[in-house]
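Residue numbers (UniProt numbering), protein chains in the order written: chain A, 1 to 415; chain B, 1 to 301.
From the three backbone atoms N, C-alpha and C, an ideal C-beta is built for every residue, glycine too.
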C-alpha cells in the first residue's frame with residue numbers, strides 16, 4: 001500500500017494538535033473507545049468542545065502542561081492510501097524536533113493563525129522545510145472561524161505568505177494555501193459552508209492528490225552495504241550477498257558497478273528479495289545483491305553504477321542543525337555517521353549561523369548552540385562517498401555523534 | 001522474456017533495513033517473542049532480512065505462565081520448523097524465589113512482573129539489543145518512542161531525553177550498561193500487520209480466529225472461563241460464545257471479541273470495519289491514562 005509521510009509545524013496555540021485530531025475524527029480514524037476517552041477528559045476539564053489534542057499528546061508531562069514535547073507519530077488512512085504524520089512540537093527545542101520530523105517526511109503542513117498572519121516562527125518553519133527540501137508544502141491558515149471566515153483577511157495573510165515565498169531559494173517547491181478551521185472542521189476533510197468564496201480543495205483532498213515522489217527518485221543509484229550475508233550452508237556454500245537499501249535510481253542484473261572505496265569493478269549477478277530473484281529493483285527497496293566477481297566488500301562500502309560516480313572527499317562543507325545541549329565548537333571531534341558508514345570527524349571551523357528568516361546576511365560565529373543552524377567545515381579520517389544534499393537526500397545527509405555520550409548531537413546537510 | 005521488477009513495500013523495506021542495522025551494530029541481539037501476531041510478523045521480516053542465512057539471533061520468550069496454551073503450542077512448532085534458538089524465562093521462577101510479589105484479586109495480572117524477568121534475562125545473557133513488535137499506533141506513549149530506544153542499566157526509558165532519529169540513520173552506539181530496544185514495525189498499524197499476514201500467508205495461533213469458548217462477562221468485556229489463571233467470581237456466569245482474540249497477551253488480561261471471522265480474509269475485513277481499538281480489550285492499559293508510559297519507565301518493552 002502507498003504511504004505518504006507528513007510533518008506538521010506550527011507555533012504555540014496555532015491549533016496543530018486540534019487539526020490532527022480533526023483529521024482523525026473526520027476520516028473516522030478515531031475508534032469509539034479513544035473518542036470516549038477524549039469526550040470524558042474534555043468534560044472533566046470543563047471544555048464545551050472535544051479537545052482533540054488529547055488524542056496525540058502521549059506523555060504525562062504534555063497533558064499536564066497542555067503542550068507537545070516530543071515528536072509523535074500518528075496514523076490514518078483513506079481508501080486511497082495510508083498517512084503517517086510526524087507531529088512536531090512548537091515549543092521548546094522545536095527546531096531540533098522539526099528537523100527530525102521533516103527528515104522522514106515528503107510533505108509538510110505549516111499552520112498559521114489567521115488572526116496573527118505570518119510571524120517570525122512561520123518563516124523559521126518555512127526555512128527549515130526549505131533546508132530539508134520538502135517538495136510539497138501546505139500552508140493551513142487556521143482559526144478562520146475567529147476572523148468571521150473573512151475572505152479579505154485570508155487574502156491579506158496570503159499576501160504575506162507570497163512575500164515569504166519570494167525569498168525562497170528552492171523554486172521547485174509546490175506551495176498550497178488553504179483557509180481552515182480545525183476546531184469547526186472547515187476545509188479539513190469536508191468543504192466549508194462558511195467559506196463559499198474558497199473554490200480550492202480541502203486539506204485532505206489536496207493530500208490525496210499529491211504524487212508520492214521524493215527528490216531522490218531522480219537521483220543516481222546508491223547502494224550502501226549494511227551487512228554481508230554468508231550463510232555457509234550446503235545449498236548456499238559459496239553465497240556472498242551484499243544486503244542494503246537502495247537510495248536513488250534503480251539497479252538491474254547485468255549493470256556495471258563499482259565498489260567504493262576499493263574502486264573494484266564488477267557486474268550485478270543476482271538481485272534477491274527474500275527467496276526470490278528479480279531482474280530489477282527500484283529506490284527504497286531492501287535487497288541483497290550478488291556480484292559476478294569475487295570482490296572484497298564490507299559494511300560501510302557503497303556499490304554504485306560505474307558511470308555514475310558519487311563525490312569522494314575527506315573534507316566537507318555542510319549546513320548543520322545542532323541538537324545537543326553541549327555547543328558545537330571548532331577543533332572538537334565527533335563520530336560521523338553517513339547512512340551506514342561511520343567515520344571520525346574533526347570540526348575545522350564553525351563559520352556562520354543561519355538567521356532562518358532568509359536574510360542574506362549571515363552572522364559570523366565560533367560555536368553553535370542547541371537548535372541553531374549554521375555552516376561548518378569538517379575534516380574526516382576516511383573519505384566519504386556522497387552527493388550534495390540537494391541531489392540525493394539520503395546520500396547527502398549525516399549525523400554527528402558525541403564520542404563521550406554517544407548521543408546524536410547534530411544533523412548535517414552536505415553542500 | 002519479460003523483466004521481473006520488484007514491487008517495493010515501504011514499510012516492509014524499512015523493517016528489513018532496521019533488522020540489518022541491529023545485526024551490524026550490536027553484538028548480542030535477541031528477538032522478544034510473545035507468540036502474538038506482531039512478533040510472528042517480526043520473525044518473517046527477519047527471515048527476509050537475512051535469507052539465505054538463518055536468523056542470526058535467538059528468540060526470547062518471557063513466559064508469565066498465564067499464556068494461552070494455543071500460543072505456547074504454536075511457538076514451539078514455529079521454532080522447530082524454522083530451526084530457531086528459543087530461550088524461555090519464567091515469571092513463576094521469580095515469584096517462587098520471592099523476588100516479586102504476585103498481585104491478587106479480581107484484576108490481578110502478571111503483566112508488570114514480566115519486566116523483572118526480562119531485565120534478569122538481559123543481564124544473564126548480556127543482550128545489548130532487544131527487538132520487539134511494539135507499534136506506535138497502539139498507544140499514545142508508544143507514538144513517541146524511537147525505533148532505537150536507549151535504556152539504562154535498569155531498563156528504564158527516559159522519555160524526555162530521547163535521541164533524535166533523522167532520515168533512516170540509526171545510531172546504535174551505547175555506553176557500558178545501556179541496552180537498546182528496537183522496534184522494526186514502529187510505523188505499521190494493526191491493519192498493516194493483518195494485511196501483511198494475509199498477503200504473506202503467515203501461520204498464526206488458532207485463538208486469533210473465531211471459535212466456540214466458555215466465557216463470562218465482566219465490565220462489558222468477554223473473558224475466557226474455565227481456565228485456572230482467569231479469576232472468576234461465582235456470580236459471573238459462564239456461557240458458550242463464538243469469539244476470537246484480537247491480541248494474545250496473558251489470559252488474565254486479554255478479553256475476547258464476538259466474531260465470525262474464521263479465516264484471515266474475514267479477520268482483515270473485521271479489523272477494517274472495527275470501531276474499537278486493539279488495546280481496548282487489554283485491561284492492563286485501562287488502569288490509568290498514563291499506564292503504558294509508567295510501565296515503560298520501569299523497563300517494560
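Worksheet item: So, does the CB of residue 123 of chain A fall closer than 8 Å to a CB anywhere in chain B?
Response: no
Worksheet entry | Reference residue 74 of chain B; option with closest CA among B:34, B:112, B:102 and B:51 | B:34
Item to complete: Name the one or two DSSP bridge partners that residue 218 of chain B has.
Response: B:221
Discussion item. Quick check on residue 169 of chain B - is its C-beta less than 8 Å from some C-beta in chain A?
Written reply: yes
Item to complete: Pull up the distance between the alpha-carbon of residue 262 of chain B and that of residue 282 of chain A, whole angstroms please.
Response: 37 Å
Discussion item. Within a Cβ cutoff of 7 Å, which residues of the same chain sit near residue 13 of chain A, ignoring the five residues on either side of it in sequence?
Written reply: none
Worksheet item: Using the rule of at least 16 other Cβ atoms within 10 Å of the residue's Cβ for burial, across every protein chain shown, is residue 197 of chain A buried or exposed?
Response: exposed
Worksheet item: Are residue 193 of chain B and residue 149 of chain B close, meaning C-beta to C-beta below 8 Å?
Response: no
Item to complete: Examine chain B for any beta-carbon lying closer than 8 Å to the beta-carbon of residue 273 of chain A, and answer yes or no.
Response: yes
Worksheet item: Leaving out five residues before and five after residue 357 of chain A in sequence, what residues of the same chain have Cβ atoms less than 8 Å from its Cβ?
Response: 120, 123, 124 and 127
Worksheet item: When burial is assigned at 16 or more other CB atoms within 10 Å of the CB, is residue 289 of chain A buried or exposed?
Response: buried
Fill in: Nearest neighbour of residue 225 of chain A, chosen from A:22, A:298 and A:160 [CA to CA]
A:298
Worksheet item: Using DSSP with H/G/I as helix, E/B as strand and the rest coil, what is residue 233 of chain B?
Response: coil
Item to complete: Identify the contact partners of residue 23 of chain B in chain A, using a Cβ-Cβ distance below 8 Å as the criterion.
Response: 227
Discussion item. For residue 71 of chain A and residue 88 of chain A, which I take to be in contact (beta-carbon distance under 8 Å), what is that distance rounded to the nearest angstrom?
Written reply: 5 Å
Worksheet item: Roughly how many whole angstroms lie between the Cα atoms of residue 236 of chain B and residue 192 of chain A?
Response: 51 Å
Worksheet entry | Inside the stretch 16–57 of chain A only - alpha helix (DSSP H) runs reaching at least 4 residues | 16–26 and 32–44
Worksheet item: To which residues of the same chain is residue 177 of chain B closer than 8 Å at the C-beta, ignoring the five residues directly before and after it?
Response: 152 and 153
Worksheet item: residue 253 of chain A and residue 269 of chain A look like a contact to me (Cβ under 8 Å); what is the Cβ gap, rounded to whole Å?
Response: 7 Å
Worksheet item: For the candidate residues A:322, A:163 and A:21, whose alpha-carbon lies nearest to that of residue 53 of chain A?
Response: A:21
Item to complete: Please compile the residues from chain A whose C-beta is within a distance smaller than 7 Å of the C-beta of residue 165 of chain B.
Response: 100
Item to complete: Check each candidate in B:185, B:191, B:88 and B:116 and name the one with the smallest Cα separation from residue 156 of chain B.
Response: B:116
Item to complete: Could you list which residues in chain B have their beta carbon closer than 8 Å to that of residue 88 of chain A, in chain order?
Response: Residues of chain B passing the Cβ test: none, with the nearest at roughly 11 Å.
Worksheet item: Tell me which same chain residues have a C-beta within less than 8 Å of the C-beta of residue 294 of chain A, skipping the five on either side of it?
Response: 240
Worksheet item: Are the beta-carbon atoms of residue 107 of chain A and residue 6 of chain A separated by less than 8 Å?
Response: yes
Worksheet item: Can residue 220 of chain A and residue 392 of chain A be called in contact, C-beta distance under 8 Å?
Response: yes
Worksheet entry | Beta-carbon proximity of residue 271 of chain A to residue 251 of chain A, cut-off 8 Å | yes
Worksheet item: Where does residue 192 of chain A sit, in a helix, a strand or coil, going by DSSP?
Response: coil
Fill in: For residue 71 of chain A, the three-state DSSP class (helix, strand or coil)
coil
Practice prompt. Please determine if the stretch 134–141 of chain A and the stretch 25–45 of chain A are in contact, where contact requires at least 3 C-beta pairs separated by less than 8 Å.
Written response: no
Item to complete: State the Cα-Cα distance for the pair residue 38 of chain A and residue 17 of chain A, rounded to the nearest angstrom.
Response: 13 Å
Worksheet item: Got a sec: which bits of the stretch 39–55 of chain B sit with their beta carbon under 8 Å from any beta carbon on chain A, in order along the chain?
Response: 47, 48, 49, 50, 51, 52, 53 and 54
Practice prompt. Would you give the residue range spanned by the beta strand (DSSP E) that residue 243 of chain B belongs to?
Written response: 239–245
Worksheet item: To the nearest whole angstrom, what separates the beta carbons of residue 227 of chain B and residue 75 of chain A, a pair I think is in contact under 8 Å?
Response: Contact doesn't hold; Cβ gap of about 34 Å is too wide.
Practice prompt. Count the other C-beta atoms from every protein chain shown that fall within 10 angstroms of the C-beta of residue 258 of chain B, then say buried if there are 16 or more, exposed otherwise.
Written response: exposed
Worksheet item: Where are the beta strand (DSSP E) runs, 3 residues long or more, that stay fully inside the stretch 150–201 of chain A, in chain order?
Response: 174–179
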